[in-house]
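Structure first, then comments.
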């Protein structure tokens, strides 16, 4: 892990190694750093008697790109200066796709100077005026005293600036939910999205199940989607306040779309399909505190790592266990995450400050893995997970998003439905470009290799009408009335046949038409015969000329 990130983490979320000392914006109140904690051997201004500061007085230097802005102070700016600050805020919000983080009391080089209480109050008042000018709200995430050469207490404050929702263009993050069967995945999602705690017998998960046998068994066998919103002030928006998904979308500036995947091993293919097809930004691995690492937990962890999906871990059902049992499960996870095959830095989140720091650093460093311990019945530490999800930033910045939007429109079809009075509806993710309502697209290929010319009649995001779809967003497209059997999902099931193009990536093989071909990868097997071969040549510059493919019929 980057040494600066490691240094900043010391004393924040508890690392598995217990290491790390010093750092900025990462001391827990009452933990012996920053505000609170032991005052032994300390003067009122927070410095040790030795004259050395308790923490390194800096953050990483401010980056020109990104959504993080440092400001020493914002006290009574002139009109010209104010307009400049507003323009700067617009840029930071654009970089964060509607979110920005302001560090008040910090110089551009990262030096933690801090402000007096009066200066901080005036700076926050100016920041609020700036946010109103651009149609945004501000939320104070945290504040702390800093060690600086001054006789008066000085503080730095971290503020989240978020755009008010506008025309359904809310920030949308997709989180795949993994974990062994009976680990409490669906129950946790039910509590988060319904706004009511579980009764200990699975009541919270009933609204999430799609099939009768799921309700009867209490186990998820299909992929379902649930949404959790946050408004511009960082407040939770779910079904406890809203009757429909459309109302949640209208009130939210940020949406978390949970992709609830199956935990039983016999539905592993469905889980893999959800991880590969729906392009999740993050994965949430749910582990039961009383059973620990069991069943498909290791397999799901390996899938997330193999697909390079950043993940965090939730240890559920802590109300059923003793403190010693929970600690044993945490240590078991930490031991696995630190193994050479994983090489992760597990961080136990135990306070609001931990949750904020973990969310900011989780997207920046792939080695960092936050761990939460909570209960869906008692609600213990549930608010920490909500704070984390509220702050969790998108993985792509505005520049990458803009580059994707400039490319040709490509929509990956993952689901196909027939809706009465609407026709055929396809669900999936827009990989690149922009898709507009009323636009004409070509859809396919069909079994005979042709593409259909169809019109996008309507678009829905999270069950709400949407006129424009941008790259990276998931949605459903209504394509009108036609034979839906002409379309298929890009996936072979047991007993199905297709023509597949293979490419040898290590060394060439001798094949002839009619030869049988058998392959196996894990528990997946395929058998077929070669129907067509096309050779290639390698030019002097090393580039391929032609197509090195063998079409194999299965």
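Numbering (our numbering), first residue to last: 5 to 558.
By construction, the Cβ of each residue, glycine as well, lies at the ideal position given by its N, Cα and C atoms.
As the structure is a prediction and not an experimental result, all values here were calculated from the model.
- Message: Short of 7 Å in beta carbon distance, which residues of its chain neighbour residue 448, apart from the five on each side in sequence? Order them along the chain.
- Response: As a position in the chain shown, residue 448 is number 444, starting the count at 1. Residues 454, 455 and 456 of the same chain have their beta carbon placed closer than 7 Å to that of residue 448, with the five preceding and five following residues left out of the count.
- Report the three-state DSSP secondary structure of residue 432 (helix, strand or coil). As a working mapping, residue 432 is identified with position 428 in the chain shown. Of the three classes helix, strand and coil, the one that applies to residue 432 here is strand, per DSSP.
- Item | For residue 306, the first and last residue of its enclosing alpha helix (DSSP H) | For the purposes of this step, residue 306 is identified with residue 302 of the chain shown, where counting begins at 1. Start and end: 301–310.
- Message: In the DSSP assignment, the beta strand (DSSP E) including residue 465 goes from what residue to what residue?
- Response: Mapped onto the chain shown, residue 465 falls at position 461. Going by DSSP, residue 465 is part of the beta strand (DSSP E) stretching over 462–465.
- Rounded to whole angstroms, how far is the Cβ of residue 191 from the Cβ of residue 380, which I believe are closer than 8 Å? By 1-based counting over the chain shown, the position of residue 191 is 187. By 1-based counting over the chain shown, the position of residue 380 is 376. With a Cβ gap of about 5 Å, residue 191 and residue 380 count as contacting.
- Message: Mapping the DSSP letters down to three states, classify residue 316 as helix, strand or coil.
- Response: Numbered from 1 along the chain shown, position 312 holds the residue referred to as residue 316. Residue 316 falls in the strand class under three-state DSSP.
- Query: Going straight from the alpha carbon of residue 306 to that of residue 340, what length do you get?
  - Reply: Residue 306 sits at position 302 when you count from the first residue of the chain shown. Residue 340 sits at position 336 when you count from the first residue of the chain shown. One C-alpha to the other measures close to 11 Å.
- Of the residues 163, 438 and 531, the one placed nearest residue 520, counting alpha carbons only: As a position in the chain shown, residue 520 is number 516, starting the count at 1. Nearest option by C-alpha distance: 531.
- Message: Going by beta-carbon coordinates alone, are residue 290 and residue 318 separated by less than 7 Å?
- Response: Position 286 of the chain shown, counting from 1, holds the residue named residue 290. Position 314 of the chain shown, counting from 1, holds the residue named residue 318. In this structure, residue 318 lies closer than 7 Å to residue 290 by Cβ.
- residue 74 burial status per 10 Å Cβ neighbour count (16 or more: buried): Position 70 of the chain shown, counted from the start, is the residue given in the question as residue 74. So residue 74 counts as buried.
- Would you please state the rounded distance, in angstroms, between the beta carbons of residue 417 and residue 429? I believe it to be under 8 Å. For the purposes of this step, residue 417 is taken as the residue at position 413 of the chain shown. For the purposes of this step, residue 429 is taken as the residue at position 425 of the chain shown. Not quite, the Cβ-Cβ distance comes to about 10 Å (not below 8 Å), so this is no contact.
- Task: Could you tell me the boundaries of the beta strand (DSSP E) in which residue 147 lies?
- Result: Numbered from its first residue, the chain shown carries residue 147 at position 143. DSSP places residue 147 in the uninterrupted beta strand (DSSP E) bounded by 140–149.
- Message: With the cut-off set at 7 Å, would you say residue 279 and residue 232 are in Cβ contact?
- Response: Here residue 279 corresponds to residue number 275 of the chain shown, with the count starting at 1. Here residue 232 corresponds to residue number 228 of the chain shown, with the count starting at 1. Contact check for residue 279 against residue 232 fails: the beta carbons are separated by 7 Å or more.
- Message: Taking the alpha carbon of residue 502 as the reference point, which residue from 476, 512 and 452 has its own alpha carbon closest?
- Response: Looking up residue 502 in the chain shown gives position 498. For the residues 476, 512 and 452, the minimum Cα distance to residue 502 belongs to 452.
- Message: Along the chain, where does the beta strand (DSSP E) containing residue 160 start, and where does it finish?
- Response: Reading the chain shown from its first residue, position 156 is the one you call residue 160. It spans 159–167 - the beta strand (DSSP E) in which residue 160 sits, taken as one unbroken run.
- What do you get for residue 91, buried or exposed, if any count of 16 or more other CB atoms within 10 angstroms of its CB means buried? In the chain shown, counting from the first residue as 1, residue 91 sits at position 87. Residue 91 should be labelled exposed.
- Cβ-based burial, residue 304 [other Cβ within 10 Å; buried from 16]: Your numbering for residue 304 matches position 300 in the chain shown. Buried, because 16 or more other Cβ atoms sit within 10 Å of the Cβ of residue 304.
- Buried or exposed: residue 84, going by 16 or more other Cβ atoms within 10 Å of its Cβ? On the chain shown, position 80 is the one that residue 84 refers to. With fewer than 16 other Cβ atoms within 10 Å, it is exposed.
- Going by DSSP, which residues form a beta bridge with residue 107? Along the chain shown, read from residue 1 onward, the residue named residue 107 stands at position 103. Looking at the DSSP output, residue 107 sits in a beta bridge with 74 and 162.
- Could you tell me the boundaries of the alpha helix (DSSP H) in which residue 454 lies? Locating residue 454 in the chain shown gives position 450, counting from the first residue. Careful: residue 454 lies outside any alpha helix (DSSP H) and carries neither H nor E.
- Task: Can you have a look at residue 344 and say buried or exposed, based on whether 16 or more other CB atoms are within 10 angstroms of its CB?
- Result: One-based indexing of the chain shown puts residue 344 at position 340. Burial call: exposed.
- Item | At least 3 beta-carbon pairs within less than 8 Å: the region 367–387 vs the region 405–417 | no
- Given that a residue counts as buried once 16 or more other Cβ atoms are within 10 Å of its Cβ, and exposed if not, what is residue 395? Taking the first residue of the chain shown as position 1, residue 395 is located at position 391. Residue 395 is buried by the Cβ-count criterion.
- Item | Buried versus exposed call for residue 484 [16 or more other C-beta atoms within 10 Å across all chains shown] | Locating residue 484 in the chain shown gives position 480, where the first residue counts as 1. Residue 484 comes out exposed.
- Task: Could you name the residues of the same chain whose beta carbon sits closer than 7 Å to that of residue 176, not counting the 5 residues immediately before and after it, in chain order?
- Result: On the chain shown, residue 176 is found 172 positions in, with the first residue counted as 1. Cβ within range, chain order: 259, 261 and 477.
- Message: Using DSSP's beta-bridge definition, name the partner residues of residue 414.
- Response: One-based indexing of the chain shown puts residue 414 at position 410. Beta-bridge pairing links residue 414 to 436.
- Query: Does the separation of the CB atoms of residue 426 and residue 469 fall below 7 Å?
  - Reply: Locating residue 426 in the chain shown gives position 422, counting from the first residue. Locating residue 469 in the chain shown gives position 465, counting from the first residue. Cβ distance not < 7 Å, so residue 426 and residue 469 don't count as in contact.
- Query: For residue 516, does the count of other Cβ atoms within 10 angstroms reach 16, so buried, or fall short, so exposed?
  - Reply: Working through the chain shown from its first residue, we reach residue 516 at position 512. Exposed, since its Cβ has fewer than 16 Cβ neighbours within 10 Å.
- Task: Look up residue 230 in the DSSP assignment and say whether it is helix, strand or coil.
- Result: In the chain shown, residue 230 corresponds to position 226, counting from 1. If DSSP states are grouped into helix, strand and coil, residue 230 belongs with the strands.
- residue 473 - containing beta strand (DSSP E), residue span: Your numbering for residue 473 matches position 469 in the chain shown. That run of the beta strand (DSSP E) goes 472–474.
- In its own chain, which residues sit with a C-beta less than 7 Å from the C-beta of residue 141, not counting the 5 before and 5 after it? Here residue 141 is taken as the residue at index 137 of the chain shown, counted from 1. The residues are 135, 166, 168, 236 and 237.
- Query: With respect to the alpha helix (DSSP H) encompassing residue 332, which residues constitute its N-terminal and C-terminal limits?
  - Reply: Translated into the one-based positions of the chain shown, residue 332 becomes position 328. Here the alpha helix (DSSP H) through residue 332 covers 327–341.
- Item | First through last residue of the alpha helix (DSSP H) which encompasses residue 402 | Here residue 402 is taken as the residue at index 398 of the chain shown, counted from 1. Segment 402–409, the alpha helix (DSSP H) holding residue 402.
- Rounded to whole angstroms, what's the CA-CA distance from residue 87 to residue 125? Just pull it up for me. One-based indexing of the chain shown puts residue 87 at position 83. One-based indexing of the chain shown puts residue 125 at position 121. In a straight line, the C-alpha of residue 87 is about 20 Å away from that of residue 125.
- Answer yes or no: do residue 465 and residue 441 have a C-beta to C-beta separation smaller than 7 Å? Start at 1 with the first residue of the chain shown, and residue 465 comes out as number 461. Start at 1 with the first residue of the chain shown, and residue 441 comes out as number 437. Taking a C-beta distance under 7 Å as the contact criterion, residue 465 and residue 441 do not qualify as a contact pair.
- Task: Find out if the Cβ-Cβ distance for the pair residue 413, residue 437 is shorter than 7 Å.
- Result: Here the question's residue 413 lines up with position 409 in the chain shown. Here the question's residue 437 lines up with position 433 in the chain shown. In this structure, residue 437 lies closer than 7 Å to residue 413 by Cβ.
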